[in-house]
Amino acid sequence: MATAPASQTPIYRFAPSPNGELHLGHAFSAILTHELACRSGGRFLLRIEDIDAQRASAEFIDAIKHDLAWLGLKWQEPVRRQSEHFGTYRAALAKLEKLGLLYPCFATRKEISKAIEGHDTPRHDPDGAPVYPGIYKNAPDEEINARRAGGEQFALRLDMEKAMNLLKENGKWPIVFSEISTDGRRECIEANPERWGDVVIARKDTPTSYHLSVVVDDAIQKITHVTRGRDLMASTEIHRLLQVFLDLPVPIYHHHRLISGLDGKKLSKSTGSKSLRALREEGVTPDEIRKVLGF
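Mapping of the sequence shown onto our numbering: residues 18 to 312, in sequence order.
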């Protein structure tokens with residue numbers, strides 16, 4: 018496992034998606050990451066993860082920067098926007114395709130749901146979603162070529178079975194990552210990517226996915242420490258798998274506690290959690306935000 022040299026300047030990043038306004042959960046992650054960078058004499062970067070063109074907007078990007086500046090955070094320029102680097106992700110995809118690890122998937126959500134209904138006990142991934150049932154995984158080349166020639170959109174999925182076999186054949190199994198716990202202890206955790214099944218590595222509407230773009234960007238930006246919410250810890254298993262096959266360095270990880278709302282549930286844009294802008298307009302100050310979050 019290629020980790021950063023001890024002498025290397027620590028580099029941290031905060032990487033929000035501009036598909037909504039930041040809330041207290043984002044504030045906690047951003048402030049924590051910024052403080053860890055400052056304490057270590059390291060660098061703090063801002064990255065905009067805007068591969069979802071339908072939901073991302075310039076308005077939200079401006080709002081993110083305004084919120085972070087209001088909280089007193091400073092980041093180094095330039096700010097990396099993923100939407101400007103699709104060519105880089107295509108190059109990474111080409112490496113995985115050359116290894117025979119990807120296959121086209123034309124399945125719609127309706128087709129996937131129907132296929133899953135035929136299983137008495139469908140498997141679920143760590144996020145609770147049903148594991149992809151393998152539609153088109155072994156489809157004849159003639160059918161695949163005809164669909165592609167017809168301009169039909171498709172995603173690219175990782176053949177998890179092939180990936181695991183290749184890891185074992187090359188003596189690269191098990192794969193592990195370093196996790197810094199809440200009390201500061203460093204633990205070595207063994208990844209179990211198999212439980213994710215054949216995950217999407219490139220979406221139908223864009224030549225990448227969260228999993229692919231995040232590992233590529235972390236390597237390009239020489240990120241040494243990844244600080245993010247505990248709800249993303251299981252995703253690290255897929256990220257480690259991709260890092261091995263793409264021969265990328267491995268950051269040290271810290272998956273912090275999640276901030277809950279008054280109902281005890283995790284804060285989320287999709288559930289309408291109160292935004293930092295709304296709190297600011299109510300007269301809440303950055304110092305009060307920090308106090309509420311435990312800083």
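Beta carbons are placed, not taken as given, at the ideal position from N, Cα and C, and that holds for glycine. Here the structure is a predicted model, which is why all the values come from computation and not from measurement.
| query | result |
| --- | --- |
| Considering only C-alpha positions, which residue in the set Asp200, Cys205 and Leu263 is nearest to Gly117? | Leu263 |
| Hey, would you say Pro143 sits closer than 9 Å to Ala70, going by beta carbons? | no |
| Give me, in chain order, the residues of the same chain whose beta-carbon lies closer than 8 Å to that of Trp190; leave out the 5 immediate sequence neighbours on both sides. | Met181 and Leu184 |
| As an exercise, report each continuous alpha helix (DSSP H) stretch of at least 4 residues that is fully enclosed by the segment 220-283, in chain order. | 227-237 and 252-262 |
| For His51, which of helix, strand or coil comes out of DSSP? | helix |
| Take Asp158 as the anchor and find which of Cys122, Glu94, Ala73 and Glu128 has the nearest alpha-carbon. | Cys122 |
| Three Cβ pairs or more, each shorter than 8 Å: is that satisfied between the segment 60-74 and the segment 91-98? | yes |
| I need the straight-line Cα distance from Leu229 to Thr302, nearest angstrom please. | 37 Å |
| Between Arg30 and the rest of its own chain, which residues show a CB-CB distance below 6 Å, the 5 nearest in sequence each way excluded? | Leu62, Arg64 and Ile240 |
| At the level of alpha carbons, what is the spacing between Arg307 and Thr138? | 45 Å |
| Counting only the same chain and skipping the five closest in sequence on each side, list residues whose C-beta sits under 8 Å from that of Glu211. | Met177 and Met181 |
| Run through the DSSP bridge pairs and tell me what Pro147 is partnered with. | His141 |
| Quick check on DSSP: helix, strand or coil for Glu204? | strand |
| Give the C-beta separation of Leu110 and Pro224 to the nearest angstrom, bearing in mind that I take them to be a contact with Cβ-Cβ under 8 Å. | 6 Å |
| If contacts are defined as beta-carbon pairs under 8 Å, then His242 and Pro266 qualify, I think. What distance do you get, rounded to the angstrom? | The Cβ separation is near 12 Å, so there is no contact. |
| In terms of residue numbering, what span does the alpha helix (DSSP H) encompassing Tyr106 cover? | Phe103 to Lys115 |
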